[in-house]
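Student: Quick note on the working numbering: the sequence shown kicks off at 1 and runs consecutively. For each residue, glycine too, the CB sits at the ideal point set by N, CA and C. For reference, the structure I am asking about is given below.
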Amino acid sequence: MTSTLQSFNIPEQALDRDCMTLSRHVLQQLESFTPEAQDLSAIMSRIALAGKLISRRLSRAGLMADVLGFTGETNVQGESVKKMDIYANEVFISVFKQSGLVCRLASEEMDEPYYIPENCPIGRYTLLYDPIDGSSNVDININVGSIFAIRQQQGEDLNGQANDLLQNGRQQLAAGYILYGPSTMLVYSLGRGVHSFILDPSLGEFILAQENIKIPEHGPIYSTNEGNFWQWDESIRDYTRYVHRHEGYTSRYSGALVGDIHRILMQGGVFLYPGTVKNPQGKLRLLYETAPLAFLIEQAGGRASNGEQNLLDIMPQKLHQRTPLVIGSKEDVNLVESFISEHKRRQTES
Ligand code: P6P
1 MTSTLQSFNI PEQALDRDCM TLSRHVLQQL ESFTPEAQDL SAIMSRIALA GKLISRRLSR
61 AGLMADVLGF TGETNVQGES VKKMDIYANE VFISVFKQSG LVCRLASEEM DEPYYIPENC
121 PIGRYTLLYD PIDGSSNVDI NINVGSIFAI RQQQGEDLNG QANDLLQNGR QQLAAGYILY
181 GPSTMLVYSL GRGVHSFILD PSLGEFILAQ ENIKIPEHGP IYSTNEGNFW QWDESIRDYT
241 RYVHRHEGYT SRYSGALVGD IHRILMQGGV FLYPGTVKNP QGKLRLLYET APLAFLIEQA
301 GGRASNGEQN LLDIMPQKLH QRTPLVIGSK EDVNLVESFI SEHKRRQTES
C-alpha cells in the first residue's frame, strides 16, 4: 500500500523537511515542551522574523531611498553609522518589544542596553546582537550578517548597568548568525550541535538545510586583513610568512565577519583578527561578535581563542570589550597559537 504522498510522487522526506521550521527544530533539539523550551523556541522565531525583515530591506536597498549610505553619526565604537545599522538595530528592538520574551537587548549600536521592563519578570532573557556586521559591504552589495547570542539574567540588575552580562561565553544559552548572501541563511546552536536554515521567500519561512554541521579538522583557508601586517606582533607575521611559503593555503577575506566565518565553518581553515600596535585588543567585540561565534564553532568541533586563552573563558570587564580572535579548524587554530607561544617562550628566555 503506497502512501498518498507516494501515489502523487511527492517524496515524504521533502515535505517533512519543508515543515521543519526553526521553532519546531528548537523544541526538537531541547526534547521538551517546558516553558523554558517554548521561550527559547519563541525567541529564535523572533530572531528569524528580524532576519526576514532585514533581508527584505537589503534586497531592495539599491531601489529605495534612505537605505544606503551613512547617517552622519558615530557609534559607541567610534565608527561611522550606516543607515542600515540603525534600521537593523530598530528591527531587533521592534520584534522583541511586545514579545514578552526578553527584558534587555544589548547591541553594538547602543551605548547601554535597551530595557523592556514589563518583560523582565518573565524569561529574564537578554539578547546580545550585532544587527548588521560588515555594514561597509552594504553599499556595494556584498554579503553582510547579523550575529546574536541569548543569555539569561543572573541575579538582580539593580543599577540598570546589566553587569550580570559580564560573564564568560559559556553562559550563552544559544548563539548564531544570519548571513545575508545569495540566499539568507540562519545558523544557530543551543549547545546541541550547529544547524542551518535557509529562508524560502515563497514560504516566508526558514527551512532546515543542514543539521549537526562539523567544521573540517583542517582547511586551506586563512582569512585575515593582511593590510595590518606591519601592525601585528612578530609571531603573527611569522605565521603569515609560514602560510605564504607552504603549499596548500589560500587567502579569503571579505571584510564581513559572518561571511568569512561561514566559509571557514563549511570549508575549514582559520580566521584571525589579531591585536595591532594601535589596538592591542583588536577590533572585534567580545559579547556580541567573538563569543557567539566561538560558541558556534566549538559546537561544530572547531576552536576559538584570543591567541592564548580559550575565547569562551574570557571574562568581559565591560559591555563593548574587544578581543583579538583566532577561530576555525582545530589544527589551524593550534598552528597560529604555536607561533604565539613560541615567541613568548623565546621572549622569556632572552
Ligand atoms: P577590517 C566589519 O566592520 C567588522 O567588524 C567585521 O565584520 C570584519 O571582520 C572586520 O570588521 C573587518 O575589519 O579592519 O579588516 O576592515
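#1: Does the region 15-35 come close enough to the region 140-156 to have 3 or more Cβ pairs within less than 8 angstroms?
#2: Can you say whether N212 is buried or exposed, counting buried as having 16 or more other CB atoms within 10 angstroms of its CB?
#3: Cβ of N225 within 6 angstroms of any heavy atom in the ligand P6P?
#4: Check whether the Cβ atoms of Y288 and L128 sit closer than 7 angstroms, and answer yes or no.
#5: For P216, tell me which candidate among S32, T74, E331 has the shortest Cα-Cα distance.
#6: Taking three-plus beta-carbon pairs below 8 angstroms as touching, is the region 64-77 in contact with the region 105-113?
#7: What residue does the beta strand (DSSP E) around Y239 start on, and which one ends it?
#8: L257: beta carbon under 6 angstroms from a heavy atom of the ligand P6P?
#9: Any heavy atom of the ligand P6P closer than 6 angstroms to the beta-carbon of D332?
#10: To the nearest angstrom, how far is it from the Cα of P201 to the Cα of L40?
#11: Could you compute how far the alpha carbon of F33 sits from the alpha carbon of R285?
#12: From G191 to A300, what distance separates their C-alpha atoms?
#13: Please classify H246 as buried or exposed, where buried requires at least 16 other C-beta atoms within 10 Å of its C-beta.
#14: Confirm, please, whether the CB-CB distance from G248 to P220 is below 7 angstroms.
#15: Could you spell out the range, first to last residue, of the beta strand (DSSP E) harbouring F33?
#16: In the DSSP assignment, find the beta strand (DSSP E) that holds G269 and state where it starts and stops.
#17: If you run the structure through DSSP and keep just helix, strand and coil, what is V336?
Tutor: Quick answer:
#1: no
#2: exposed
#3: yes
#4: yes
#5: E331
#6: yes
#7: Element bounds for Y239: not the beta strand (DSSP E) but the alpha helix (DSSP H), 234-245.
#8: yes
#9: no
#10: 24 angstroms
#11: 34 angstroms
#12: 10 angstroms
#13: exposed
#14: yes
#15: Looking at the DSSP string, F33 is not in any beta strand (DSSP E), and its letter there is neither H nor E.
#16: 269-273
#17: helix
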